[in-house]
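Residue numbers (my numbering): 629 to 954.
Glycine is no exception: its CB is placed at the ideal position from the N, C-alpha and C atoms.
Note that this is a predicted model, so its numbers are computed, not measured.
The block underneath contains the structure these notes are about, expressed in structure tokens.
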Amino acid sequence: MNDKPILSVRNLTMHYYTRKGDVSAVDDVSFDLARGQSLGLVGESGCGKTSVAFSLLRLLPENAQLLAGNVYLDGCDVLALDEKEVRKIRWRGISMVFQAAMNALDPVYRVGDQIIEALQTHFRGLSEAEARDRVIELFPMVGLDPSLMERYPHEFSGGMRQRAVIAMALSCDPRVIIADEPTTALDVIVQDRILNELRAIQRKMGMSMIYITHDIAVIAEVSDRIGVMYAGRMAELASAVDIFENPFHPYTHALMNAFPSIEGEKQELKALPGEPPDLLSPPSGCRFHPRCSRKIESCNRLQPPFEDMGDDHFVACWNPREVGNG
Ligand SMILES: Nc1ncnc2c1ncn2[C@@H]1O[C@H](COP(=O)(O)OP(=O)(O)O)[C@@H](O)[C@H]1O
Ligand SMILES: [Mg+2]
629 MNDKPILSVR
639 NLTMHYYTRK
649 GDVSAVDDVS
659 FDLARGQSLG
669 LVGESGCGKT
679 SVAFSLLRLL
689 PENAQLLAGN
699 VYLDGCDVLA
709 LDEKEVRKIR
719 WRGISMVFQA
729 AMNALDPVYR
739 VGDQIIEALQ
749 THFRGLSEAE
759 ARDRVIELFP
769 MVGLDPSLME
779 RYPHEFSGGM
789 RQRAVIAMAL
799 SCDPRVIIAD
809 EPTTALDVIV
819 QDRILNELRA
829 IQRKMGMSMI
839 YITHDIAVIA
849 EVSDRIGVMY
859 AGRMAELASA
869 VDIFENPFHP
879 YTHALMNAFP
889 SIEGEKQELK
899 ALPGEPPDLL
909 SPPSGCRFHP
919 RCSRKIESCN
929 RLQPPFEDMG
939 DDHFVACWNP
949 REVGNG
């Protein structure tokens, strides 16, 4: 049994160049993903979650630049590979269900053919018949009848389209799958069902998973560990149980209060006041300090280090405190 993490991200730092200046979208982000484990990445919109995912896959737009850090997939530094080597890792090493991908299926092709084509692109020499067999195998795994391969995207419901997109991401048998807000556009019941199925597939296939969402209530059930991102940085990283029962970071606490639980229990929904900062000119010191109810003198001057509080529970805060136990 190899217990080295399948994915190890260290000090990842990425900017976007724009006419207005540099956008500091990912700043000094570090985390590990253990084999067979599921990591939830959560934070409000604009906190850099998708940017982290694209950096891991090296699928960055022209104006993005990786400034620092390492991404080790099974010990191999993805950021040091040339473009040809990166292509081998994409989809087979790390695959991704893109945000809003369910709406990006080409309307003029049958759903099955689109997945077959994706497979053949990534496995040179794979015959169409072999690719088709693979899709026939995959469809039932994501809850779709194989006969649906012959249908067009408009004949699919939202949930069915999302299942097809998940099948596409699974088709290359990746070691790591990243699901970026895969269920946000769906109603809560379908969302819950697809999430649980995705979790079951991940376990069955022994894959590791990074699950990205802005809704902390959604990831509780599907994550072993949770990373809370704020304004391009990792604010807190711990086991899902510790994040919910013992959150140290005031932002984690605020996020939990801002979303109702997925079961739809009646509870007060406290809005999180303010908005995440513009990353063209992020706040000095701790980027959360302008919104923080617990700030102390050092917060607006110095960036808090990302420290292990024990039990693999990391937090970047000058005034961490256990809340939720009282
Ligand atoms: N192509 C781009 N060019 C410039 N800025 C970008 C680009 N893509 C994203 N950003 C900015 O990077 C920051 C992080 O965005 P993103 O990674 O999409 O966050 P999230 O996925 O958490 O919503 C935001 O401030 C966003 O406006
Ligand atoms: Mg995003």
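DSSP on Cys914, reduced to helix/strand/coil?
Within the sequence shown, the letter at position 286 stands for residue 914. If DSSP states are grouped into helix, strand and coil, Cys914 belongs with coil.
With the cut-off set at 7 Å, would you say Phe659 and Leu865 are in Cβ contact?
Within the sequence shown, residue 659 is the residue found at index 31, counting from 1. Within the sequence shown, residue 865 is the residue found at index 237, counting from 1. Their beta carbons are under 7 Å apart, which means Phe659 touches Leu865 by this criterion.
What residues in its chain sit with their C-beta under 8 Å from that of Leu900, if we drop five residues either side in the sequence?
Locating residue 900 in the sequence shown gives position 272, where the first residue counts as 1. Hits under 8 Å: Glu672, Ala882, Leu883, Asn885, Ala886 and Arg919.
Collapsed DSSP secondary structure at Val736 in the structure displayed
By one-based count along the sequence shown, residue 736 stands at place 108. DSSP, reduced to helix, strand and coil, places Val736 outside both helices and strands of the structure shown, so it counts as coil.
What are the residues that DSSP puts in a beta bridge with Gly668?
Within the sequence shown, numbered from 1, the residue matching residue 668 stands at position 40. DSSP, once it has assigned bridges, lists Tyr839 and Ile854 as partnering Gly668.
In the DSSP assignment, what are the bridge partners of Val654?
In the sequence shown, counting from the first residue as 1, residue 654 sits at position 26. Looking at the DSSP assignment, Val654 forms a beta bridge with Met642.
If you draw a straight line from the C-alpha of Val763 to the C-alpha of Gln819, how long is it?
Translated into the one-based positions of the sequence shown, residue 763 becomes position 135. Translated into the one-based positions of the sequence shown, residue 819 becomes position 191. Distance between the alpha carbons of Val763 and Gln819: 23 Å.
Given Lys894, which residues of its chain have a CB within under 7 Å of its CB, disregarding the five upstream and five downstream residues?
By 1-based counting over the sequence shown, the position of residue 894 is 266. Low per-residue confidence applies at Lys894: pLDDT is 47, beneath 50, and the placement is therefore not dependable, though the value from the model is reported in the following sentence. So no residue of the chain qualifies.
Using a Cβ-Cβ cutoff of less than 6 Å, which residues in the same chain neighbour Gly834 once the five nearest sequence positions on both sides are dropped?
Here residue 834 corresponds to residue number 206 of the sequence shown, with the count starting at 1. Take Gly834, set aside five residues on each side of it, and the residues of its chain with a beta-carbon closer than 6 Å to its own are Gly664, in chain order.
Kindly provide the chain-ordered list of residues whose Cβ lies closer than 6 Å to any non-hydrogen atom of ligand 1.
Tyr644, Thr646, Val651, Ala653, Gly671, Ser673, Gly674, Cys675, Gly676, Lys677, Thr678, Ser679, Pro689, Asn691 and Leu907
Are Tyr839 and Gly668 closer than 7 Å when you measure CB to CB?
In the sequence shown, counting from the first residue as 1, residue 839 sits at position 211. In the sequence shown, counting from the first residue as 1, residue 668 sits at position 40. Contact: yes.
Should Asp761 be labelled buried (16 or more other beta-carbon atoms within 10 Å of its own) or exposed?
What you label residue 761 is simply residue 133 of the sequence shown in a count that begins at 1. That one is exposed.
Does the Cβ of Ser666 have 16 or more other Cβ atoms within 10 Å, making it buried, or fewer, making it exposed?
In the sequence shown, residue 666 corresponds to position 38, counting from 1. The residue is buried, with at least 16 neighbouring Cβ atoms inside 10 Å.
I'd like the ranges of any beta strand (DSSP E) spanning at least 3 consecutive residues and lying wholly in the region 692–719.
692–701
CA-to-CA distance, Leu684 to Arg789, given in whole angstroms:
Here residue 789 is taken as the residue at index 161 of the sequence shown, counted from 1. Here residue 684 is taken as the residue at index 56 of the sequence shown, counted from 1. Pairing Arg789 with Leu684, the inter-Cα distance amounts to about 25 Å.
Looking only at its chain, what residues have a beta carbon closer than 7 Å to the beta carbon of Thr957, apart from the 5 residues adjacent to it on each side?
Past the edges of the chain, shown from 629 to 954, lies residue 957, and the structure says nothing about it.
Top-ranked residue by Cα proximity to Glu778, from Val739, Glu713 and Asp852:
To locate residue 778, count along the sequence shown from 1; it is residue 150. Considering only alpha carbons, the answer is Val739.
Hey, how far is the Cα of Val637 from the Cα of Gln727?
Against the sequence shown, residue 637 aligns to sequence position 9. Against the sequence shown, residue 727 aligns to sequence position 99. Straight-line Cα distance between these residues: approximately 21 Å.
Minimum C-alpha distance to Leu635 - residue among Met642, Gly721 and Arg647
Taking the sequence shown and counting its residues from 1, one reaches residue 635 at position 7. For the residues Met642, Gly721 and Arg647, the minimum Cα distance to Leu635 belongs to Gly721.
Using the Cβ count rule (16 or more neighbours within 10 Å means buried), how would you classify Lys832?
Reading the sequence shown from its first residue, position 204 is the one you call residue 832. Lys832 comes out exposed.
How would you label Lys632, buried or exposed, when you count the other beta carbons within 10 angstroms and need 16 or more for buried?
Counted from its first residue, the sequence shown places residue 632 at position 4. Classification of Lys632: exposed, given that the 10 Å Cβ count is below 16.
Less than 6 Å between the CB of Gln727 and some heavy atom of ligand 2, yes or no?
Taking the sequence shown and counting its residues from 1, one reaches residue 727 at position 99. Gln727 Cβ: within cutoff of ligand 2.
Determine the direct distance from the alpha carbon of Gly649 to that of Pro905, and round the result to whole angstroms.
As a working note, residue 905 is residue 277 in the sequence shown. As a working note, residue 649 is residue 21 in the sequence shown. If you take the alpha carbons of Pro905 and Gly649, they lie about 15 Å apart.
Rounded C-alpha distance that separates Arg791 from His750:
On the sequence shown, residue 791 is found 163 positions in, with the first residue counted as 1. On the sequence shown, residue 750 is found 122 positions in, with the first residue counted as 1. Spanning the two alpha carbons is a distance of roughly 20 Å.
Should the region 742–757 be regarded as contacting the region 795–803, the criterion being three or more beta carbon pairs within less than 8 Å?
yes
Contact check, Val714 vs Arg686, beta carbons under 7 Å:
Looking up residue 714 in the sequence shown gives position 86. Looking up residue 686 in the sequence shown gives position 58. Their beta carbons are under 7 Å apart, which means Val714 touches Arg686 by this criterion.
Following the continuous alpha helix (DSSP H) through Ser683, name the residue where it begins and the one where it ends.
In the sequence shown, residue 683 corresponds to position 55, counting from 1. Counting along the chain, the unbroken alpha helix (DSSP H) around Ser683 starts and ends at Lys677 to Leu685.
Which residue comes first and which comes last in the alpha helix (DSSP H) that contains Ala845?
Taking the first residue of the sequence shown as position 1, residue 845 is located at position 217. Element bounds for Ala845: Ile844 to Ile847.
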